[in-house]
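Under our numbering, read the sequence shown as residues 22 to 251, first letter to last.
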Amino acid sequence: QAVMGEIDKIMEETPKKAYDDLKKMYSNGGSNEFEVLWRLAQACQTMARVYDRKNAKRKDLILEGRGYAQAAAAIDETRFTVLKWAAILTGASTDYVGMKERIEQGYKFKKYLDAALAIDAREFSLLHMRGRYAYEVANLSWFERKIATTFFAAPPEATIDEALRDFLAANEARGKWIENILYVARCYIAKNDSNNAVIFLNKTLSISPTNDSERELIEDAKGLIRKHSG
């Protein structure tokens, strides 16, 4: 545990070094230790955040991290931290896979998420993830729902109001999170409430982005302000 404590400190400052140290542990028998696996998933997610969504390095890190996270959950599905990172990486991976796998991973994501939120219902990153799930499901096209019924007995169901509720709860817990605020605005846009949408879009412009991904989100917000103002 002392070693993992040191890894956690390193993770906050230099996630690449934490990743390298964990990979050594993984290669030396740690591939079956959930404490190593969920931290590897965390390291992959942390490193991926510095790249914009279209960067191949981001995709590779997310998919690698998903493998570690799901392996950790297969070993122990009762620990909050394991479930949290399994949910985060599984949810993030759905941006980079085809529709059948996206729906398949969506079911896994919801399973991890429900189990984690049953342990801690106020964790802001999980509230955001549950909001993302509801938002994506609510926006499935008729065609996508039809395809989903081909692969699965019942397609997933969710509403924009469910998504908005979770995004607002996450915003209360962590107020200056650009990505979450942008999704609050997108929910209001989906509800044809341009006034509230623009209020939240403007909130993103008052926050200084810290990486390429956040800068991209700010540009998205500016485009939506131009479209929905007036």
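We put the CB at the ideal spot given by N, CA and C, even for glycine.
Same chain, Cβ closer than 8 Å to Asp42, neighbours up to 5 away in sequence not counted: Here residue 42 is taken as the residue at index 21 of the sequence shown, counted from 1. Contacts found: Ile28 and Ile31.
Simplified DSSP state of Asp81, which is helix, strand or coil: Locating residue 81 in the sequence shown gives position 60, counting from the first residue. Asp81 falls in the helix class under three-state DSSP.
Ala93 vs Leu147 beta-carbon contact at 8 Å: The sequence position of residue 93 within the sequence shown is 72, counting from 1. The sequence position of residue 147 within the sequence shown is 126, counting from 1. Contact: no.
Burial state of Glu178, where buried means 16 or more other Cβ atoms lie within 10 Å: Stepping through the sequence shown from its first residue, residue 178 is reached at position 157. Glu178 should be labelled exposed.
Backbone secondary structure at Val24 - three-state DSSP: Here residue 24 refers to the residue found at position 3 of the sequence shown. Helix, per DSSP.
Rounded C-alpha distance that separates Tyr154 from Ser234: One-based indexing of the sequence shown puts residue 154 at position 133. One-based indexing of the sequence shown puts residue 234 at position 213. Computed Cα separation, rounded: 20 Å.
Where the alpha helix (DSSP H) containing Trp163 begins and where it ends: For this step, residue 163 is matched to residue 142 along the sequence shown. Unbroken alpha helix (DSSP H) run through Trp163: Trp163 to Phe172.
Thr180 to Asp187 span [Cα, whole Å]: As a first step, residue 180 is located in the sequence shown; it is residue number 159 there, counting from the start. As a first step, residue 187 is located in the sequence shown; it is residue number 166 there, counting from the start. Distance between the alpha carbons of Thr180 and Asp187 is about 11 Å.
Simplified DSSP assignment, three categories, for Tyr156: Here residue 156 corresponds to residue number 135 of the sequence shown, with the count starting at 1. In this structure, Tyr156 counts as helix in the three-state DSSP scheme.
Whole-number beta carbon distance between Phe221 and Ile202, since they are thought to touch under 8 Å: What you label residue 202 is simply residue 181 of the sequence shown in a count that begins at 1. What you label residue 221 is simply residue 200 of the sequence shown in a count that begins at 1. Yes, they are in contact, since the Cβ atoms of Ile202 and Phe221 sit about 5 Å apart, within 8 Å.
Straight-line gap, Ala69 to Arg166 (C-alpha atoms, nearest Å): Position 48 of the sequence shown holds residue 69. Position 145 of the sequence shown holds residue 166. Ala69 and Arg166: Cα-Cα distance of roughly 30 Å.
Straight-line gap, Gly86 to Thr170 (C-alpha atoms, nearest Å): What you label residue 86 is simply residue 65 of the sequence shown in a count that begins at 1. What you label residue 170 is simply residue 149 of the sequence shown in a count that begins at 1. Here the C-alpha atom of Gly86 lies approximately 29 Å from the C-alpha atom of Thr170.
contact_flag[the segment 103-111, the segment 128-146] where n(CB pairs < 8 Å) is 3 or more: yes
Unbroken alpha helix (DSSP H) run spanning Arg143, endpoints: Along the sequence shown, read from residue 1 onward, the residue named residue 143 stands at position 122. Careful: Arg143 lies outside any alpha helix (DSSP H) and carries neither H nor E.
Ser250 burial status per 10 Å Cβ neighbour count (16 or more: buried): For the purposes of this step, residue 250 is taken as residue 229 along the sequence shown, with counting starting at 1. So Ser250 counts as exposed.
Cβ separation of Val205 and Leu185, assumed to be a contact under 8 Å, to the nearest whole Å: Taking the sequence shown and counting its residues from 1, the one referred to as residue 205 is at position 184. Taking the sequence shown and counting its residues from 1, the one referred to as residue 185 is at position 164. Rounded, the Cβ-Cβ distance is 7 Å, consistent with contact.
Any alpha helix (DSSP H) of 4 or more consecutive residues that is wholly inside the segment 36-66: Here the runs fully enclosed are 36-48.
Alpha-carbon to alpha-carbon, Glu34 and Lys212: In the sequence shown, counting from the first residue as 1, residue 212 sits at position 191. In the sequence shown, counting from the first residue as 1, residue 34 sits at position 13. The straight-line gap separating the alpha-carbon atoms of Lys212 and Glu34 is approximately 41 Å.
Val240, DSSP secondary structure in three states: Counted from its first residue, the sequence shown places residue 240 at position 219. Contrary to the premise, residue 240 reads as Glu rather than Val in this sequence. In the structure shown, Glu240 sits in a helix (DSSP, three-state: H, G or I).
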